[in-house]
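What follows is one structure encoded as C-alpha cells, with my remarks underneath.
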Amino acid sequence: MTTNHATVPAAGVSTRALLTGGVVAGPLYVAVWLTQAFTREGFDITRHPASLLANGGPGWIQTVNFVVSGLLTFAAAVALRRTIRSSSAGSARVRGRVWGPRFVGVYGFGLLLAAAFPADPAAGFPVGTPADYAEISARGMGHFVAGTVGFTGLIAACLVFARYYRALGRRTFARFSAVTGILFFGAFAGLSAGAGSRPTIIAFDLAVIVGWTWLTALFLDKRRTA
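If you're matching positions, the sequence shown starts at 4 in the numbering used here and goes up one per residue.
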C-alpha cells in the first residue's frame, strides 16, 4: 500500500511538470522572438518571418529558441496523452482520441527540425543580403519541410481537440480550437502563396501568436486536472 501511494504522486508531479513546461513554451518563444524582432539590426517584423532570425551572428538565439520551445512542447504532448487517457476511460465518445497529443508532438518535432535546418537569408536580412535575394539551398528546403510538418501538426491538433472538447460538452474551448486551426491554416496558406508580402507576413505573425496562445491554454487546462 505504501508503494502505491509513493508511485501515484510521483507520476502526478511528473505529468504536471511536463505540462508546466508546455505552458512556459509559448510565452517564452514569443518573448524571445519579439525581443529579437525589435532589436536586431535590419530586421523588419512586417517583412521578415521569425525563422530568418536564425541567420547572422546572433542567429544562435533563435536556434536555441526553436530547440527549447520544441522540446518543451514535445514533452508536454506526452503529458497530454497521459491526462486524456486517465480522464476519458469511461467515455465511449472520447476514448481513443489520442491523435490530438500526437499532433501536438508533431508540432514540437517540427520546431526541432526548424532548428536543424535554418531558413536561408532573404529580403535583405541579415544586413548585407540583397533585398531581392531569394535562393533556396538544401538547408532552406529542409526548413520549408520542417515548417510544413510542424504547422500541419498544429492545425491538425487544433481540429482534433475541437472535436475532443465538443464531445466533453465544452463548446467554448471547442470553438477556440477550431477557429485557431482554421486561422492558422489560412495564414500559412497565405504566406506560402504570397511570396513574403507584408500582409501575409503580418497575418502569419498574428497566427503564430494565436497558435501559441491556444497551446498555452490547452496545457493549462490539462494541468489543472493532472
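The beta-carbon is built from N, C-alpha and C at its ideal position, and this holds for glycine as well.
Could you compute how far the alpha carbon of residue i sits from the alpha carbon of residue j?
i, j, result
"ALA172", "ALA134", "This sequence places Gly at residue 172; Ala is not what is there. Taking the straight line from one Cα to the other gives about 51 Å."
"PHE106", "ASN58", "28 Å"
"SER140", "ARG174", "45 Å"
"GLY24", "ALA118", "19 Å"
"TYR167", "ILE64", "36 Å"
"ALA160", "THR86", "16 Å"
"ALA229", "LEU162", "23 Å"
"ASP123", "PHE69", "16 Å"
"ARG88", "ASP224", "15 Å"
"VAL67", "GLY156", "21 Å"
"ARG19", "LEU209", "29 Å"
"VAL27", "LEU75", "8 Å"
"ARG169", "THR42", "42 Å"
"ARG98", "PRO104", "Low confidence applies to ARG98: its pLDDT is 44, below 50, so where it sits in the model is not reliable, and the reading given next is rough at best. So the alpha carbons of these two residues sit roughly 13 Å apart."
"PHE222", "ALA40", "26 Å"
"GLY197", "THR132", "21 Å"
"LEU194", "ASP47", "16 Å"
With a threshold of 7 Å on Cβ separation, who are the neighbours of residue i within its own chain once the five nearest residues in sequence on each side are excluded?
i, result
"PRO52", "ILE204 and PHE207"
"ALA95", "With a pLDDT of 36 at ALA95, under the threshold of 50, the modelled position of that residue is not reliable, and the figure given next carries that caveat. So no residue of the chain qualifies."
"PHE77", "GLY108, GLY111 and PHE112"
"THR49", "ARG201, ILE204 and ILE205"
State the DSSP-derived secondary structure class of residue i, mapped to helix, strand or coil.
i, result
"PHE128", "strand"
"LEU209", "helix"
"SER195", "helix"
"LEU221", "helix"
"ARG173", "coil"
"SER200", "coil"
"ALA229", "coil"
Here's a check: name, in chain order, each residue in its chain whose Cβ is nearer than 8 Å to the Cβ of residue i, leaving out the five neighbours to either side.
i, result
"PRO30", "TRP215 and THR219"
Take residue i and list the residues in its own chain whose beta-carbon comes closer than 6 Å to its own, dropping the five residues that flank it on each side.
i, result
"THR6", "Unreliable placement is indicated for THR6, whose pLDDT of 38 sits below 50; the coordinate value is still reported in the next sentence. Once the five neighbours on either side are set aside, THR6 has no close Cβ partner at all."
"VAL130", "GLU44 and GLY45"
"ALA137", "ALA125"
"GLY127", "ALA134"
"GLY145", "PHE120"
"LEU116", "ALA149"
"TRP36", "ALA53"
"PHE154", "PHE191"
Indicate whether at least one CB of chain D lies closer than 8 Å to the CB of residue i.
i, result
"VAL109", "In the structure shown, chain D cannot be found, because there is only a single protein chain."
With hydrogens ignored, establish whether the beta-carbon of residue i is closer than 7 Å to any heavy atom of the ligand ADP.
i, result
"ARG166", "Questions concerning the ligand ADP fall outside what the structure shown contains, since it holds no ligand whatsoever."
Exercise for review: Mind listing, in chain order, the continuous beta strand (DSSP E) runs of no fewer than 3 residues lying wholly within the segment 12–43?
Suggested key: Counting only runs of 3 or more, we get nothing.
Check your understanding: What are the complete alpha helix (DSSP H) segments, minimum 4 residues, inside the segment 98–166?
Key -> Within the segment 98–166, the complete alpha helix (DSSP H) runs of at least 4 residues are 102–119.
Point to revise | Length-filtered (4 minimum) alpha helix (DSSP H) runs lying within the segment 46–93 | key: Whole alpha helix (DSSP H) segments, 4+ residues: 62–90.
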